[in-house]
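Data block below; observations after.
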Amino acid sequence: MLSVSVTRRLGSFTLAAAFTAPTPGVTALFGRSGSGKTTLVNIIAGLLAPDEGEVQLADTVLTDTRRHIAVPAQQRHIGYVFQDARLFPHLTIAGNLRYGLKRAARRPQFIGFEEVVALLGLGALLERRPHRLSGGERQRVALGRALLSQPRLLLLDEPLAALDAARREEVLPYLVALRDRLSVPMVYVSHQFEEVLRLATWIVLLESGQVLAHGPVNEISLRPELRRIVGPELVGSVLEGLVTRVDASGGTVDLVIGTGTGTLKVSLREVPVGARVRVQLLARDIILATQPAQGLSVRNALAGTVRDIAPDEDESVLVRIDVGGAMVLARITQAARQALRLEPGDAVWALVKAVSTRGHAFQLPAAAAGLRGRPESPSHSPW
Amino acid sequence: MTASPSSAELDALLLSLDVAARSVAFTLPLAVLAAWLLTRARFPGRTLLDAFVHLPLVLPPVAVGYVLLLLFGVRGPIGGWLRAHFGIQLAFTTAGAALATAVMTFPLMVRAIRLSLENVDRGLEAAATTLGAGPLDRFATITLPLMLPGILAGAVTAFSAGLGEFGAVITFASNVPGVTRTLPLALYTAMQSPGGETLALRLAVLSFALGLSGLLVAEFLVRRVRRMLGR
Chain A
2 MLSVSVTRRL GSFTLAAAFT APTPGVTALF GRSGSGKTTL VNIIAGLLAP DEGEVQLADT
62 VLTDTRRHIA VPAQQRHIGY VFQDARLFPH LTIAGNLRYG LKRAARRPQF IGFEEVVALL
122 GLGALLERRP HRLSGGERQR VALGRALLSQ PRLLLLDEPL AALDAARREE VLPYLVALRD
182 RLSVPMVYVS HQFEEVLRLA TWIVLLESGQ VLAHGPVNEI SLRPELRRIV GPELVGSVLE
242 GLVTRVDASG GTVDLVIGTG TGTLKVSLRE VPVGARVRVQ LLARDIILAT QPAQGLSVRN
302 ALAGTVRDIA PDEDESVLVR IDVGGAMVLA RITQAARQAL RLEPGDAVWA LVKAVSTRGH
362 AFQLPAAAAG LRGRPESPSH SPW
Chain B
2 MTASPSSAEL DALLLSLDVA ARSVAFTLPL AVLAAWLLTR ARFPGRTLLD AFVHLPLVLP
62 PVAVGYVLLL LFGVRGPIGG WLRAHFGIQL AFTTAGAALA TAVMTFPLMV RAIRLSLENV
122 DRGLEAAATT LGAGPLDRFA TITLPLMLPG ILAGAVTAFS AGLGEFGAVI TFASNVPGVT
182 RTLPLALYTA MQSPGGETLA LRLAVLSFAL GLSGLLVAEF LVRRVRRMLG R
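Here the protein sequences line up with chains A and B, keeping their order.
Here the first sequence is numbered in my numbering, starting from 2 and rising by one per residue.
Here the second sequence is numbered in my numbering, starting from 2 and rising by one per residue.
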């Protein structure tokens with residue numbers, strides 16, 4: 002368990018954040034730029050002292066201003082992957098990787114040099130200098146360097162933000178592999194919901210230095226506060242389910258959600274039966290019917306009950322539907338709601354196109370471990 | 002004149018190299034410390050220290066030599082103490098010439114080193130901290146190597162300038178052939194001697210060549226190290 006409760010003033014900005022997150026797992030600090038994410042991770046790392054508060058990791062108190070405890074950053078054993086990699090320019094890649102390893106020599110080691118090199122595909126880079134590497138390669142080295150310092154917690158401060166989309170895909174699979182293979186807890190700072198969905202098991206929503214909400218991803222996806230950060234377009238519930246059937250020719254899988262009453266067809270390839278998968282159903286993509294629909298191309302009709310109806314932007318409302326314990330959010334217009342005479346307690350069918358869910362499917366840690374091989378080594382680009 | 006012109010030249014050249022090398026060896030660690038204090042440390046009197054370090058740049062070198070003579074002379078407070086306890090005499094010796102040169106070239110060295118320290122990315126030091134490096138470890142393995150271009154540039158520049166230090170040396174260490182008569186002092190002496198024009202010209206050319214090659218070497222080294230650091 003990571004527990005943080007701190008305040009810190011920086012000029013006119015005040016961070017006053019408190020949250021707890023389970024470990025191991027990936028906790029996403031999610032918020033727009035300027036919300037205090039980096040300040041918060043710097044406090045956890047010990048690079049910045051809070052004005053007041055505590056930071057505790059498992060049973061170790063790292064900071065407690067009231068008891069005058071402030072473990073120096075170099076003794077915290079907390080790995081940090083910075084947005085700009087910060088590789089040491091005067092050392093080779095191997096020298097960079099070994100920097101933290103050497104200094105962790107007297108502590109028990111959970112991962113070795115060869116293992117990290119293999120896991121992150123760094124074999125071809127070892128003798129090179131940092132300035133000869135591409136942005137994606139640099140971040141992988143930074144990741145390996147942090148891992149080799151045998152951290153009890155790994156902080157990742159927007160490690161993909163400085164990369165373009167292609168480079169991002171060069172690094173993301175490695176982060177997924179890390180999460181699934183190692184039990185190092187991670188704190189992942191991001192303002193990209195896509196990344197959060199793919200990696201995180203826990204979300205801390207930050208806005209203007211305050212924690213708006215924190216909890217498991219599917220719970221947070223239903224919170225109205227999330228929209229303030231992701232915008233109305235990306236509002237949608239996150240569902241987690243089990244793959245029960247793979248239709249290889251159609252490129253879809255059947256996903257059982259909730260207590261097992263709902264089955265969802267999702268566009269997703271290369272996922273085996275038995276895998277746990279995360280899907281985001283965008284509220285704007287969902288159609289509601291008060292009767293079982295027929296003769297439609299829509300592949301999914303989830304039977305459920307209206308839980309509540311909340312006003313949304315402009316002329317629309319957000320309808321929360323309980324599908325066997327799993328929650329689905331649908332955005333419909335006020336006019337549609339009146340035409341359907343929709344009230345809480347009504348039986349409805351939520352219609353979702355299988356293709357709507359493409360790109361929002363994410364494998365979950367528990368099942369992914371060991372099921373898939375090492376991520377494919379991305380080709381090393383010349384720049 | 003007893004020595005042949007060529008041996009006077011050689012003596013002066015070797016002595017200048019000796020004096021400049023000693024002065025650099027002596028000032029280098031102090032210059033790194035001063036640069037660090039002036040860049041990173043926050044303490045009362047920092048501005049005063051800054052001014053003090055730079056003082057030799059604006060003072061007449063003769064005045065610096067005179068102050069050294071007052072302090073380090075045989076009857077001076079420091080010079081007397083050194084002589085009484087260690088039997089060391091600085092005034093009118095090669096070591097004294099090196100001390101005068103060191104004081105005069107110190108600001109040059111501090112400036113170059115300070116500039117390179119200011120350019121060291123603090124983020125890299127923070128990264129080293131998270132990897133388990135304490136302050137001294139960090140300084141030795143990250144900060145110092147990254148300052149290397151400035152340290153090299155400072156050392157070579159101070160060495161080149163040290164070859165030609167005149168005023169402070171002649172005031173504090175006098176003009177003793179083979180002991181404190183460095184290149185510029187030999188040049189000055191030759192100019193003052195009847196029939197010394199040829200020697201003076203040769204010494205002037207030699208000084209010019211030394212200074213130029215010093216600057217070129219500094220530039221070359223800095224470029225090499227920068228390339229090594231990927232900049």
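In this text, a Cβ means the ideal position worked out from N, Cα and C, and glycines have one as well.
Would the beta-carbon of residue i fall within 8 Å of that of residue j?
| i | j | result |
| --- | --- | --- |
| B:S24 | B:A129 | no |
| A:G259 | A:G325 | yes |
| B:T131 | A:Y81 | yes |
| A:L88 | A:R139 | yes |
| B:A191 | B:A101 | no |
| B:G163 | B:T106 | yes |
| A:I230 | A:E195 | no |
| A:R141 | A:V185 | no |
| A:L123 | A:G137 | no |
| A:L11 | A:T40 | yes |
| B:L184 | B:L207 | yes |
| B:P62 | B:F160 | no |
| B:V65 | B:V104 | yes |
| A:G47 | A:A74 | yes |
| A:L149 | A:V117 | yes |
| B:S187 | B:L204 | It should be pointed out that residue 187 of chain B corresponds to Ala in this sequence rather than to Ser. Yes, the Cβ-Cβ distance between B:A187 and B:L204 is below 8 Å. |
| B:L153 | B:L58 | no |
Looking only at its chain, what residues have a beta carbon closer than 7 Å to the beta carbon of residue i, apart from the 5 residues adjacent to it on each side?
| i | result |
| --- | --- |
| A:D313 | L319, R332 |
| B:A36 | V111, I114, R115, L118 |
| A:D85 | A163 |
| A:L58 | L3, R153, L154 |
| B:Y67 | T172 |
| A:N43 | L49 |
| A:G252 | S268, R270 |
Listing by chain order, which chain A residues have their CB less than 7 Å from the CB of residue i?
| i | result |
| --- | --- |
| B:I143 | F89 |
Check the Cβ of residue i against every Cβ in chain B and list those closer than 9 Å, keeping chain order.
| i | result |
| --- | --- |
| A:Q75 | A129, T130, T131, L132, G133, A134, G135, P136, D138, R139 |
| A:I79 | T131 |
Which chain B residues sit within Cβ distance under 7 Å of residue i?
| i | result |
| --- | --- |
| A:S150 | L132, G133 |
Closer than 9 Å by beta-carbon distance: list the chain A residues that pair up with residue i, in chain order.
| i | result |
| --- | --- |
| B:M229 | P90, H91, R130 |
| B:L147 | F89, P90, H91 |
Once the 5 residues before and after residue i are set aside, which same chain residues still bring their CB inside 8 Å of it?
| i | result |
| --- | --- |
| A:G305 | G263, I322, D323, V324, G325, V329, A348, V349, W350, A351 |
| B:G80 | L72, F73, G74, Q90, L91, A92 |
| A:G96 | F89 |
| A:P217 | T202, W203, I204 |
| A:Q151 | H78, G101, L102, A105, R108, P109, Q110, F111, I112 |
Using a Cβ-Cβ cut-off of 6 Å (strictly less than) and excluding sequence neighbours within five positions of residue i, which residues of its own chain qualify?
| i | result |
| --- | --- |
| B:A4 | For B:A4, the pLDDT reaches just 44, beneath the cut-off of 50, and the residue's location in the model is therefore unreliable, leaving the point undetermined. |
| A:D309 | R321, P345 |
| A:L283 | G237 |
| A:R338 | V318 |
| A:R359 | Residue confidence is low: A:R359 scores 49 on pLDDT, short of 50, so the model does not pin down where it sits. No coordinate-derived value is stated. |
| A:R129 | I94 |
| A:R224 | A214 |
Check the Cβ of residue i against every Cβ in chain A and list those closer than 8 Å, keeping chain order.
| i | result |
| --- | --- |
| B:G124 | F83, D85, R87 |
So which residues of chain B does residue i contact, with C-beta pairs closer than 8 Å?
| i | result |
| --- | --- |
| A:R104 | L132, G133, A134, D138 |
| A:Y100 | A129, L132, A134, T142 |
| A:R146 | L132 |
Alpha helix (DSSP H) segments (min. 4 residues) lying fully within the region 132-175 of chain A: 136-149
Residues of the region 34-63 of chain A with Cβ closer than 7 Å to any Cβ of chain B, in chain order: A46, L48
Any alpha helix (DSSP H) of 4 or more consecutive residues that is wholly inside the region 223-256 of chain A: 226-231
In chain order, each beta strand (DSSP E) run of at least 3 residues that lies wholly inside the region 196-223 of chain A: 203-208, 211-217
Alpha helix (DSSP H) runs wholly inside the region 268-345 of chain A, at least 4 long, in chain order: Taken in chain order, the whole alpha helix (DSSP H) runs of length 4 or more contained in the region 268-345 of chain A are 335-341.
In chain order, each beta strand (DSSP E) run of at least 3 residues that lies wholly inside the region 10-50 of chain A: With a minimum length of 3 residues, the continuous beta strand (DSSP E) runs that stay inside the region 10-50 of chain A are 14-22, 27-31.
Ordered list of alpha helix (DSSP H) runs contained in the region 122-178 of chain B, each at least 4 residues: 123-131, 136-139, 145-164, 168-173
Entirely enclosed alpha helix (DSSP H) segments - the region 51-87 of chain B, minimum 4 residues: Taken in chain order, the complete alpha helix (DSSP H) segments of 4 residues or longer contained in the region 51-87 of chain B are 62-73, 78-87.
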